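The sequence shown lines up with residues -4 to 251 when you count with the working numbering.
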Amino acid sequence: MAVSAWSQPRVAIVTGGGSGIGEAVSQRLAADGAAVAVFDLDGDSAAVTASAIEAAGGAAIAVVCDVADRTAIEAGVAETVERLGRPTILINNAGITPFGRFLDISRETFDQVIAVNLRGTFDCCQVVIPHMVEEGWGRIVNISSSSAQTGNFGHTHYSASKAAVIGLSRSLAKEFGRKGITVNAVPPSFIETPSLHRAAEEGQLGSGIQEHIPTTPVRRVGQPDDIAAACAFLCRDDAGYITGQVLGVNGGRVIV
-4 MAVSAWSQPR VAIVTGGGSG IGEAVSQRLA ADGAAVAVFD LDGDSAAVTA SAIEAAGGAA
56 IAVVCDVADR TAIEAGVAET VERLGRPTIL INNAGITPFG RFLDISRETF DQVIAVNLRG
116 TFDCCQVVIP HMVEEGWGRI VNISSSSAQT GNFGHTHYSA SKAAVIGLSR SLAKEFGRKG
176 ITVNAVPPSF IETPSLHRAA EEGQLGSGIQ EHIPTTPVRR VGQPDDIAAA CAFLCRDDAG
236 YITGQVLGVN GGRVIV
């Protein structure tokens, strides 16, 4: 295990922590010395991630949680407090990324995207922040999307939800900075995850993932570890003067 990034033990919650970006973030925070509660709707994937962390010498638990369900969030946070301690790091990563032409998007689909991507982030923050206030220290990183910054064809509902996450993050940063809590947003782009491969399979990426590498300044597909590194940096003790910021991790595809 690496030397801890914190002056005292920290407990982290990572939503959607069972796969993709969330899995990488969970493992990175554990490697940096945090105990990690891996929240995921898929209990099996959460358990695999938690087991891998423990096998590497870290501390982790798997928590089955649907972030669209406020009661489930409250129960998951209570379990985290009981088994690991007060959470003072929160990575809101859980999300869904459906595609659809604007005139074809049903109210049901729109509401589900908002429920998971926006309300889930809001609820997780509202349930966890009191523990951070009690501890006088906290780090929140909300995973947004480059689609929030640029818009994206077939992604109006998704882009709107992720843009709202940026506004939420900035507002929370201003309200809770005086409590020792920082809140930042990380909007990824072109990251090799299951959702990127699904988009390719559905024909949303033209001829496929490889087509987009030449238009990416760093000339490669992003990896979940790239996002994990940014999140880990923002969660460190020495990132305490960074709040309300949007740190794009996108290989130069989006520069704003």
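From the three backbone atoms N, C-alpha and C, an ideal C-beta is built for every residue, glycine too.
Note that the coordinates shown come from a computational prediction; the quantities given were computed from them, not determined experimentally.
When S140, T151, Q107, F171 are compared against V160, the one with the closest alpha-carbon
Between V160 and the set S140, T151, Q107, F171, the nearest pair of CA atoms involves S140.
Considering only the alpha carbon of each residue, which of D39, D64, V58, V123 lies closest to V33?
Comparing Cα-Cα distances from V33 to each of D39, D64, V58, V123, the minimum goes to V58.
C-alpha distance - R5 paired with I56, whole-angstrom precision
Each residue's Cα considered, the two are about 14 Å apart.
Backbone CA spacing between Y236 and I176 [nearest angstrom]:
Distance between the alpha carbons of Y236 and I176: 10 Å.
Residue range of the unbroken beta strand (DSSP E) whose run includes G133:
Run containing G133: 133 to 138, per the beta strand (DSSP E) assignment.
Sorted by chain position, which residues of the same chain lie with C-beta nearer than 8 Å to F148's C-beta, five sequence neighbours on each side aside?
So no residue of the chain qualifies.
Do P219 and I91 come within 8 Å of each other at the CB atom, strictly closer than that value?
At the C-beta level, I91 and P219 stay beyond 8 Å of one another.
Once you ignore the five residues that flank P82 on each side, which residues in its own chain have a CB closer than 6 Å to its CB?
Cβ neighbours of P82 beyond the five flanking positions: V6, I8, T75, V123, H126.
Can the beta-carbon of V181 be found closer than 8 Å to that of A225?
It is a contact, given that the beta carbons lie within the stated cut-off.
Cα separation between N245 and A158?
Their backbone Cα atoms lie some 16 Å apart in a straight line.
Quick one, which of Q107, K174, S2 has its alpha-carbon nearest E130's?
For the residues Q107, K174, S2, the minimum Cα distance to E130 belongs to K174.
Can you tell me which of the three DSSP states G53 falls into?
Note: G53 maps to coil in three-state DSSP.
Distance between A168 and G162 (C-alpha atoms, nearest Å)
If I take the Cα positions, the gap works out to 10 Å.
Where does I68 sit, in a helix, a strand or coil, going by DSSP?
In the structure shown, I68 sits in a helix (DSSP, three-state: H, G or I).
What residue range does the beta strand (DSSP E) around F171 cover?
Looking at the DSSP string, F171 is not in any beta strand (DSSP E); the run it does join, the alpha helix (DSSP H), is 151 to 171.
What does a CB cutoff of less than 6 Å around P183 pick up in its chain, not counting 5 residues either side in sequence?
Scanning its chain for C-beta atoms nearer than 6 Å, with the 5 sequence neighbours on each side dropped, one finds around P183 the residues I222, V244, in chain order.
With a threshold of 8 Å on Cβ separation, who are the neighbours of G247 within its own chain once the five nearest residues in sequence on each side are excluded?
Only residues of its own chain outside the window of five on either side were considered, and among them T211, P212, V213 have a CB closer than 8 Å to the CB of G247, listed in chain order.
Spatially closest choice to V241 from I138, F97, A234, by CA coordinates
Closest option to V241, Cα to Cα, is I138.
Which of the three DSSP states, helix, strand or coil, is assigned to P93?
DSSP places P93 in the coil class of the three-state scheme, outside both helix and strand.
When you compare each of S101, W132, A50 to C230 by their alpha carbons, which one comes out closest?
Of the listed residues, the one whose Cα sits closest to C230 is W132.
Output yes or no for whether 8 Å exceeds the beta carbon distance between I68 and D37.
It is not a contact, given that the beta carbons lie outside the stated cut-off.
Between V251 and F228, what straight-line distance do the alpha-carbon atoms span, to the nearest angstrom?
One Cα belongs to V251, the other to F228, and the distance between them is close to 21 Å.
Determine whether the beta carbon atoms of I135 and L85 lie at a separation below 8 Å.
Yes, these two residues count as a Cβ contact at 8 Å.
For L85, report the span of its beta strand (DSSP E) as first-last.
Start and end: 84 to 87.
Beta bridge counterpart(s) of D35 as assigned by DSSP:
Residue pairing for D35: DSSP places it in a beta bridge opposite V59.
For A41 versus G71, is the C-beta distance shorter than 8 Å?
Not in contact: A41 and G71 (Cβ atoms no closer than 8 Å).
Using a Cβ cut-off of 8 Å (strictly closer), state whether Q205 contacts chain C.
Looking for chain C here will not work: only one protein chain is present.
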